[in-house]
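Structure, as structure tokens:
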Amino acid sequence: MIGIAVLGAGRIGKIHAANVAANPKAKLVAIADPFADAVNPLAERLGTEAMSDCMAAIERPDVDAVVIGTPTDTHVSLLLHAVKLGKAVLCEKPIDLDMAKSEEAAAEVERQNGRVMLAFNRRFDSTFAEMRKAIDAGRIGDVRQVIISSRDPGMPPESYVKTSGGIFRDMTIHDLDIARWLLGEEPVTVTAVGSRLIDPSLRQYDDYDTAMVILQTASGRQAHINNCREAVYGYDQRIEVFGATGMLVQDNLRPTTMRVWTAEATDAREPLLNFFLERYTQAYRAELDAFVDALSDDTEMPTTVRDGVKALRLAECAVESVRTGRAVTV
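The numbering used here applies: residue 6 is where the sequence shown begins, and numbers increase by one.
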């Protein structure tokens, strides 16, 4: 059994803690969070120990690995402390909002041969994973274009926006990682535009609510990402991969596949799943299972700190492109 401590008892911490508790190869040793109102009921529900000190949780001798779901500005210190003690880490993205700090952390992890996995959960979504397998199997020939639509159902609260790092580092970064993964080549140029069509007050945070990004690789492969913080019809998550001999499409998920025809509506369906917690439930579970499997089987981590650095670099390029109005070389 791999002893795991989950750091953070917020909405992401709750997901990870439940998934650790459900994994037969892992033991949820503790959940740590300085806010007792969050950590105590979660630990009690999952039958584990509640702690207020994340560093102390890392240092426990019965902890072999940690899952970091704390605020972004704590990631580097917790991650490096765990690596220094020889503990494996599953860390939520991004490593940090600062590019230089992220680069330094990744270099230190690599210098110490740390076992660190970056939590890009969408790679573990069953349909996305099947897309990657189909590409590898040559079912659509050489990839030419990847089109990603990713829209939230509503604006996050201002308290979240202030510390999020902006739409490109917070929201688009998931799509940038998926674009890299599906293209099969690293982008070399980034072109982006950003607008404030929902909340003009985002100007005070130099942020946007609506964005589009174009990526291009050295061979000419392209990816188009479109994001919006508000889609009135629900959590919009679609992907199209166009190749030389075919196309792969991933559509939105709904609670059921039932469709209704009546005098009032034709081909009516249930609304889309509400948000990422519902849409990516399976992906979060598969991500945690992949982390545990890599530890128990002593295999490579399926994602690394370097993946986190590369996705953040693309986000930084998108920010610069919006600022300058020009394509940016990665």
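Quick reminder that beta carbons are idealized off the backbone N, C-alpha and C, glycines included.
As a quick exercise: from the options, pick the residue whose alpha carbon is nearest that of residue i.
i	options	result
Ser164	Pro192, Tyr210, Arg174, Arg201	Tyr210
Val310	His229, Asp101, Pro162, Arg208	Asp101
Ser107	Arg65, Ala216, Glu321	Glu321
Val195	Ala228, Val333, Asp182	Val333
Cys96	Asp147, Val314, Leu258	Val314
Lys138	Pro46, Pro205, Val246, Ile219	Val246
Ile230	Leu300, Arg290, Ile152	Ile152
Met217	Ile20, Val327, Tyr285	Val327
Arg208	Ala228, Gly171, Ile244	Gly171
Thr308	Ala110, Ile219, Lys98	Lys98
Can you have a look at residue i and say buried or exposed, based on whether 16 or more other CB atoms are within 10 angstroms of its CB?
i	result
Asp38	buried
Phe378	An answer regarding residue 378 cannot be provided, because it is not within the stretch 6 to 335 covered by the chain.
Arg226	buried
Asp58	exposed
Asp302	exposed
Glu292	buried
Ser224	exposed
Arg127	buried
Ala61	exposed
Gly251	exposed
Arg174	buried
Ala268	exposed
Ala249	exposed
Regarding residue i and the ligand COA, is the C-beta to nearest heavy atom distance less than 7 Å?
i	result
Asn232	Annotation note on the ligand COA: not contained in the displayed structure, which lists no ligands.
Give the C-beta separation of residue i and residue j to the nearest angstrom, bearing in mind that I take them to be a contact with Cβ-Cβ under 8 Å.
i	j	result
Ala68	Ala10	Per the sequence shown, the amino acid found at residue 68 is Val instead of Ala. Correct: roughly 5 Å between the Cβ atoms.
Ala22	Ile7	Going by Cβ atoms, the distance from Ala22 to Ile7 rounds to 14 Å, so no, they are not a contact pair.
Pro192	Gln150	So it is not a contact: roughly 13 Å between Cβ atoms.
Asp182	Ala316	4 Å
Lys92	Ala70	6 Å
Val25	Val94	Val25 to Val94, Cβ: 13 Å. No contact.
Val34	Arg65	7 Å
Asp298	Phe125	Not really, about 16 Å apart at Cβ, beyond 8 Å.
Val166	Asp103	The Cβ separation is near 18 Å, so there is no contact.
So, is the C-beta of residue i closer than 8 Å to a C-beta in chain C?
i	result
Val333	Going by chain labels, chain C is absent from the structure shown, which holds only one protein chain.
With a threshold of 8 Å, are at least 3 pairs of Cβ atoms found where one atom belongs to the segment 121 to 133 and the other to the segment 180 to 200? Cβ pair count under 8 Å is three or more, so yes.
At least 3 beta-carbon pairs within less than 8 Å: the segment 270 to 278 vs the segment 114 to 124: Touching, no.
Considering only residues of the segment 120 to 197, which uninterrupted beta strand (DSSP E) runs meet the minimum length of 3 residues and lie entirely inside it, listed in chain order? The qualifying runs are 121 to 124, 148 to 156.
At least three beta-carbon pairs within less than 8 Å, the segment 146 to 157 to the segment 232 to 246: Counting Cβ pairs under 8 Å, three or more are found: they touch.
Is there contact here, the segment 250 to 268 with the segment 165 to 181, by at least three beta-carbon pairs under 8 Å? Touching, no.
Within the segment 29 to 106, ranges of the beta strand (DSSP E) (whole runs, at least 3 residues): For the beta strand (DSSP E) assignment, the uninterrupted runs of no fewer than 3 residues enclosed by the segment 29 to 106 are, from N- to C-terminal side, 31 to 37, 54 to 56, 70 to 73, 93 to 97.
What are the uninterrupted segments assigned as beta strand (DSSP E) that are 3 or more residues long and contained completely in the segment 244 to 321, given in chain order? Entirely contained in the segment 244 to 321, the beta strand (DSSP E) runs reaching 3 residues are, in chain order, 251 to 255.
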